[in-house]
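For the sequence shown, our numbering assigns the number 12 to the initial residue and increments by one for each residue that follows. A virtual CB, placed ideally from N, CA and C, is assigned to each residue, including glycine. None of the values given here were measured: they were computed from a predicted structure. Following: one structure in structure tokens, then a few remarks.
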Amino acid sequence: MSQNCIFCKIVAGKSGGPPLYQDEHVTAFKDINPQAPLHVLVIPNKHIVSLNEAEAEDRVLLGHLFLTAAKLAQQEGVAASGYRLVTNTGPNGGQSVFHLHLHLLGGRRLTWPPG
Ligand code: 5GP
Ligand code: ZN
């Protein structure tokens with residue numbers, strides 16, 4: 012846990028409501044400022060600043076992060092219609108919270124390229 016990290020506080024149950032999903036390794040919760048009808052954040056419980064700081068030892072964790080997002084897409088009813096997973100990294104990527112996260116966006120037709 013990193014002090015002053017809002018996502019670490021959510022993992023610890025010290026901020027936000029009950030998560031959508033949580034296990035020993037990952038936590039999923041609704042984005043506070045949704046950009047689509049479904050906008051869920053899926054994060055590792057471990058504090059990893061961004062994908063730049065992920066290491067080889069995190070490979071199973073990162074796989075679990077993706078599979079959890081796919082399971083939630085199924086559970087939330089957007090698997091068939093489609094969805095997008097996004098990981099913003101660093102200033103040009105638009106990252107604003109420095110605890111690695113996957114955005115799961117769905118429920119509307121998303122445009123490409125992103126802004
Ligand atoms: P980023 O800009 O780093 O890719 O994404 C950070 C996301 O976290 C944003 O979509 C923002 O709305 C969301 N967010 C920031 N603070 C909180 C919070 O306290 N609770 C929740 N649920 N989402 C948050
Ligand atoms: Zn953190």
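Does DSSP classify residue i as helix, strand or coil?
i	result
residue 17	helix
residue 31	coil
residue 22	helix
residue 71	helix
residue 63	helix
To which residues does DSSP link residue i through a beta bridge?
i	result
residue 38	33, 54
residue 49	117
Exposed or buried, what is residue i when buried is set at 16 or more other beta-carbons lying within 10 Å of its beta-carbon?
i	result
residue 115	buried
residue 67	exposed
residue 78	exposed
residue 59	buried
residue 112	buried
residue 28	exposed
Which residue spans inside the stretch 83-126 form an unbroken beta strand (DSSP E) run of at least 3?
-> 94-97, 113-117
Test item, CB below 6 Å from any non-hydrogen atom of ligand 2 = 13, 16, 18, 19, 58, 110
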